[in-house]
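Each residue of the sequence shown is one higher than the last, beginning at 350 in the working numbering. Don't be surprised by glycine CBs; every beta carbon is placed ideally from N, CA and C. What you are looking at is a predicted structure, and each value in this text was computed from that prediction instead of being measured. These notes are about the structure you will find just below.
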Amino acid sequence: MVSLPDGLESSDDRSEIRNLSQSIFYVMPGELKALIEWINGSESEKIRCLIDDATMGWALKVAEKMGIKKVDFWLAAAALLPLLFKIPSLIDDGIIDNDGCLAWLDQRPPDSVIYVAFGSFTVFHHNQFKELALGLELTGRPFLWVVRQNITEDVDNTYPTGFKERVHHRGRMVSWAPQQKVLSHPCVACFISRCSWNSTIEGISNGIHFLCWPYFSDQIFNKSYIYDYLKIGLELNKDDNGIIRRGEIKNKLERVLGDEGLKEIVLYFQAKTLNGVIEGGSSSKSSSELRSRNCQMGKVQVTVLNNINNRIEAKYRK
């Protein structure tokens, strides 16, 4: 058994997922390649197959470049498979909505609510968490904020003193929300997002403005695409201490929500996105082409692909 360096110093904080992920991606492929070359050059038995954890997909590229057979191993329990099939339909049908946020949204005016969600991995320093809360308060607008139990370094996600009492009439904090249902609700006007690919597509397909707050990985690229290329949102900037301050949040929200030209651009790309998934659209054609080339795909993968494509087309076809 051997270990590979992740590229960080022993004094570095490995709980900073963004820095750790970037370091692993840039450093470990080279280390793995060097290890394989050393073993194959010094041992009589060569490495002929590489089995990796699915979370370490970069290792497969190393094996491919070196002409080594590769296997991607999914370590989750078999019981997870039924959940992967059922959870999307439960969300789409609005069955999973333990916090009642959809009913709360029904009581808000059109294009008035700020939706805030950062997914499953983002972790805030407690100072940043408080600045976000106070920034939302300063806007004076209604907001729906998804606050996971472990979204901060604090065990109990401590809010600023008196915050909940001051915003109770217009702010809703929930532990989970059916995101597609929320983004498609007519009262939602803006999405403060980490800019994951799924969130990006869901926001665009529902014609929502973005306020970009990326955390790590492809989210950085997606933010640039939203802000620099598509121009359907703004980015939030950190101060010299690495904190996005309440004033920055308030000012950028006011700019996004007050720009009618931005709304026209958002609606334009919404139409392009939806046209792509209807029958004859670019995404629909690509999906059909992929399904037709199934000679090397197992029956399960083809079935999953068909189900996904049918769900997308059913959701957006008018």
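Check: In terms of DSSP beta bridges, what is F473 paired with?; Outcome: T501
Check: Are the segment 537 to 544 and the segment 567 to 576 in contact at 8 Å, needing three or more beta carbon pairs?; Outcome: yes
Check: Could you check if S636 is buried or exposed, using at least 16 other CB atoms within 10 Å of its CB as the buried criterion?; Outcome: buried
Check: So, using beta-carbon positions, are H558 and G582 closer together than 8 Å?; Outcome: yes
Check: Between I598 and G484, how many whole angstroms is the CB-CB distance? I'm expecting something under 8 Å.; Outcome: 3 Å
Check: Quick one: Cα of D421 to Cα of W407, how far?; Outcome: 10 Å
Check: Opposite G556 in the DSSP bridges: which residues?; Outcome: BP columns for G556 are empty, so no partner.
Check: Is L493 helix, strand or coil by DSSP?; Outcome: strand
Check: Please name the residue, chosen from I385, D361, E392, that lies closest to L409 on a Cα-to-Cα basis.; Outcome: I385
Check: Pull up the distance between the alpha-carbon of V495 and that of A526, whole angstroms please.; Outcome: 7 Å
Check: Can you name the residues that DSSP bridges to L583?; Outcome: L560
Check: What does L399 pair with, by DSSP beta-bridge criteria?; Outcome: K419
Check: Do F618 and I553 have their C-beta atoms closer together than 8 Å?; Outcome: yes
Check: Just how far apart, CA to CA, sit G596 and E609?; Outcome: 22 Å
Check: Closest by CA to L451, which one among E394, S631, H534, K612?; Outcome: H534
Check: Looking only at DSSP bridge pairs, what is I463 linked to?; Outcome: F492, C539
Check: Count the other CB atoms, across all protein chains shown, that sit within 10 Å of the CB of P563; report buried if there are 16 or more and exposed otherwise.; Outcome: buried
Check: If S461 sits next to R490, beta carbons under 8 Å apart, how far is it from one beta carbon to the other, in whole angstroms?; Outcome: 7 Å
Check: Three or more C-beta pairs closer than 8 Å, one from the segment 474 to 482 and one from the segment 585 to 595: is that the case here?; Outcome: yes
Check: With a cut-off of 8 Å on the beta carbons, I'd call L539 and P459 a contact; round off their distance for me.; Outcome: For clarity, residue 539 is Cys in the given sequence; the question names Leu instead. Actually they do not touch by this definition, with Cβ atoms about 13 Å apart.
Check: If I follow the unbroken beta strand (DSSP E) through M522, where does it start and stop?; Outcome: 520 to 523
Check: Hey, how far is the Cα of L487 from the Cα of I500?; Outcome: 21 Å
Check: If you measure between the beta carbons of D361 and I373, is that distance less than 8 Å?; Outcome: no
Check: Could you spell out the range, first to last residue, of the alpha helix (DSSP H) harbouring Q371?; Outcome: 366 to 391
Check: With DSSP collapsed to three states, give me the class of L353.; Outcome: coil
Check: Find out if the Cβ-Cβ distance for the pair L381, V411 is shorter than 8 Å.; Outcome: yes
Check: Should G555 go down as buried or exposed, given a rule of 16 or more other Cβ atoms within 10 Å for buried?; Outcome: Here residue 555 turns out to be Asn, not Gly, going by the sequence shown. Classification for N555: buried.
Check: Buried or exposed: which applies to V516, given that a residue is buried once 16 or more other Cβ atoms fall within 10 Å of its Cβ?; Outcome: buried
Check: State buried or exposed for A383, treating a residue as buried only when at least 16 other CB atoms are found within 10 Å of its CB.; Outcome: exposed
Check: Compute the Euclidean distance between the alpha carbons of I400 and S352, then round it to the nearest angstrom.; Outcome: 15 Å
Check: How about V523 and L493: are their beta carbons less than 8 Å apart?; Outcome: yes
Check: Put D455 into one of helix, strand or coil per three-state DSSP.; Outcome: coil
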